[in-house]
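Student: Numbering (the working numbering), first residue to last: 7 to 219.
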């Protein structure tokens with residue numbers, strides 16, 4: 007039943023008792039439609055935030071694993087298929103023993119800087135994840151993960167600085183070794199560079215992520 011206005015209906019001689027039930031039914035239907043639309047929007051938004059939360063958590067764990075491998079594995083500079091250098095050791099494959107034989111790298115200022123920065127990046131990424139778990143269970147609804155995002159982004163900055171130093175000063179870092187034209191950057195070096203955008207991106211996502219029940 008369409009209503010052009012209650013006064014016009016009454017003027018047409020329609021009894022109020024006949025108008026009010028239909029009017030109440032129309033108001034009830036309008037209220038139900040408004041509630042249904044708003045609930046669907048809320049459920050859709052909550053579902054989206056839940057998927058985003060799972061994605062960010064998975065991205066954080068994968069990035070942390072890759073960052074740890076880049077820091078600890080023995081392939082920042084490869085001399086040959088049987089010899090390589092990392093942030094901590096110079097390693098050579100012993101064919102007789104069929105095992106890697108490693109000795110500590112010569113400490114230089116640039117190497118120490120890269121070591122400290124890479125360790126800091128791992129530590130800050132771990133701290134970021136622990137803070138995220140703490141905020142997930144203690145923070146009130148609607149809160150932002152600012153501290154988590156800042157720590158994660160800082161881990162990205164330290165990784166970027168370490169990789170940049172190794173890129174520009176690898177000659178000084180490997181000064182006790184042979185000519186650099188006989189070798190090339192190893193996969194750990196490239197993993198460090200891959201971690202840079204992942205850490206910064208996940209940090210930005212944390213900053214814009216809101217907690218929802």
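For every residue, glycine included, the Cβ atom is placed at its ideal position computed from N, Cα and C.
From this set, 93, 67, 88, which residue's C-alpha is nearest residue 168's C-alpha?
Tutor: 93
Student: If you follow the beta strand (DSSP E) that residue 99 is in, where does it begin and where does it stop?
Tutor: In the DSSP assignment, residue 99 falls within the unbroken beta strand (DSSP E) covering 95–100.
Student: Does DSSP classify residue 151 as helix, strand or coil?
Tutor: coil
Student: Compute the beta-carbon to beta-carbon distance between residue 192 and residue 81, rounded to the nearest angstrom, for a pair I have assumed lies under 8 Å.
Tutor: 3 Å
Student: Following the continuous alpha helix (DSSP H) through residue 115, name the residue where it begins and the one where it ends.
Tutor: Residue 115 -> alpha helix (DSSP H) spans 115–144.
Student: Indicate whether at least one CB of chain D lies closer than 8 Å to the CB of residue 124.
Tutor: The structure shown has no chain D; it contains just one protein chain.
Student: Say whether the stretch 201–208 touches the stretch 137–146, bearing in mind that this needs 3 or more beta-carbon pairs closer than 8 Å, one atom from each stretch.
Tutor: no
Student: Look at the alpha carbon of residue 91 and the alpha carbon of residue 116, and state the distance between them as a whole number of angstroms.
Tutor: 15 Å
Student: Report the CB separation of residue 197 from residue 72 in whole angstroms; it is logged as a contact under 8 Å.
Tutor: 6 Å
Student: Let me know if residue 111 comes out buried or exposed under the rule of 16 or more other beta-carbons within 10 Å of its beta-carbon.
Tutor: Buried.
Student: Given this structure, state the Cα-to-Cα distance separating residue 133 from residue 109, to the nearest angstrom.
Tutor: 31 Å
Student: How is residue 208 classed by DSSP in three states: helix, strand or coil?
Tutor: helix
Student: Return helix, strand or coil for residue 178, following the three-state DSSP convention.
Tutor: helix
Student: Would you kindly work out how many angstroms separate the C-alpha atoms of residue 97 and residue 151, rounded to a whole number?
Tutor: 42 Å
Student: Just verifying my parser: in three-state terms, what is the DSSP assignment at residue 199?
Tutor: helix
Student: Between which two residues does the beta strand (DSSP E) carrying residue 90 extend?
Tutor: 89–91
Student: Just how far apart, CA to CA, sit residue 62 and residue 172?
Tutor: C-alpha separation (whole angstroms): 29 Å.
Student: Assuming residue 66 and residue 135 are in contact, meaning their beta carbons sit under 8 Å apart, how far apart are those beta carbons, in whole angstroms?
Tutor: 6 Å
Student: So, using beta-carbon positions, are residue 271 and residue 128 closer together than 8 Å?
Tutor: The structure shown does not extend to residue 271, since the chain spans only 7 to 219, so no value can be given for it.
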